[in-house]
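When the letters of the sequence shown are read in order and numbered with the working numbering, they come out as residues 836 to 986.
Don't be surprised by glycine CBs; every beta carbon is placed ideally from N, CA and C.
Right, one structure below, let's go through it.
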Amino acid sequence: MFYLGSKADLIRPALDILFGPNPGTDVIAEGTGIEGAYAAEGDIVADFRGSGARFEFAPMSKDRFLVVNEMFHPRWLAFVDGQSMPVFRTNRLMMGVLIPKGATTVQMRFEPVTRQWGIAAFALLGVLFLAGALYAIARCPPVRKVERNPF
């Protein structure tokens, strides 16, 4: 995609924010209580499968901030050692998760709204089917035994 611009401004503070940070280590995150310095050393083992990802690393004595180069969406969920944690919009497009000291595993998964609607629709159809079957059984006339004529 491209376009012709109608206005161009050069604003030094904006450039410092956009181009000042080191993209390999510095993070611009949207959220409260996440400002500060974090440990950025150590190896990360990542496993991306389906609509989720799992990250494993050695425990650290300092908090860390994991940046995942996936498109941010509010339906992403993050669990750090099994505990739910917020997912922050990071570097404008990506996702970030605050990892408390001592944590070793981060699991992320995407929960689309359609999944919840699908489960609800399936349950509703099941109830309607069961109600229809019970109604049909209740309306059936009783079965009468007919004796056979031996001749």
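List the residues that DSSP assigns as beta-bridge partners of Met930.
Its beta-bridge partners are Val903 and Arg924.
Can you tell me where the beta strand (DSSP E) holding Thr949 begins and where it ends?
That residue, Thr949, is in no beta strand (DSSP E); its alpha helix (DSSP H) goes Val948 to Arg974.
Quick check on the burial criterion: 16 or more other C-beta atoms within 10 angstroms. Buried or exposed for Ile934?
Classification of Ile934: buried, given that the 10 Å Cβ count is 16 or more.
State the Cα-Cα distance for the pair Val903 and Ala958, rounded to the nearest angstrom.
If you take the alpha carbons of Val903 and Ala958, they lie about 35 Å apart.
Thr925: buried (16+ other C-beta within 10 angstroms of its C-beta) or exposed?
Counting Cβ neighbours within 10 Å, Thr925 comes out buried, since at least 16 surround it.
For the beta strand (DSSP E) holding Phe890, just list the boundary residues, first then last.
From DSSP, the beta strand (DSSP E) with Phe890 extends over Gly887 to Glu891.
Do Gly931 and Phe892 count as a contact pair if the criterion is CB distance below 8 Å?
No.
Classify Trp911: buried if its beta carbon has 16 or more other beta carbons within 10 angstroms, exposed otherwise.
Looking at its Cβ environment, which holds 16 or more other Cβ atoms inside 10 Å, Trp911 is buried.
Can you tell me where the beta strand (DSSP E) holding Ala875 begins and where it ends?
Looking at the DSSP string, Ala875 is not in any beta strand (DSSP E), and its letter there is neither H nor E.
Can you pull the DSSP bridge partners for Thr806?
Summary: the structure shown does not reach residue 806, with the chain confined to residues 836 through 986, and so no result is reported for it.
Helix, strand or coil, according to DSSP, for Ser919 in the structure here?
Ser919 falls in the strand class under three-state DSSP.
DSSP on Asp861, reduced to helix/strand/coil?
Asp861 falls in the coil class under three-state DSSP.
Would DSSP call Lys842 helix, strand or coil?
Because Lys842 sits at a pLDDT of 46, beneath the cut-off of 50, its placement in the model cannot be relied upon, and the following sentence gives the value as read from the coordinates. Reduced to three states, the DSSP call for Lys842 is coil.
Pull up the distance between the alpha-carbon of Gly885 and that of Ala913, whole angstroms please.
C-alpha separation (whole angstroms): 15 Å.
Quick test of your reading: Ala864 and Met895, contact by CB under 8 Å. State the CB separation rounded to the nearest angstrom.
Between Met895 and Ala864 the Cβ distance is about 19 Å, and since that is not below 8 Å, they are no contact.
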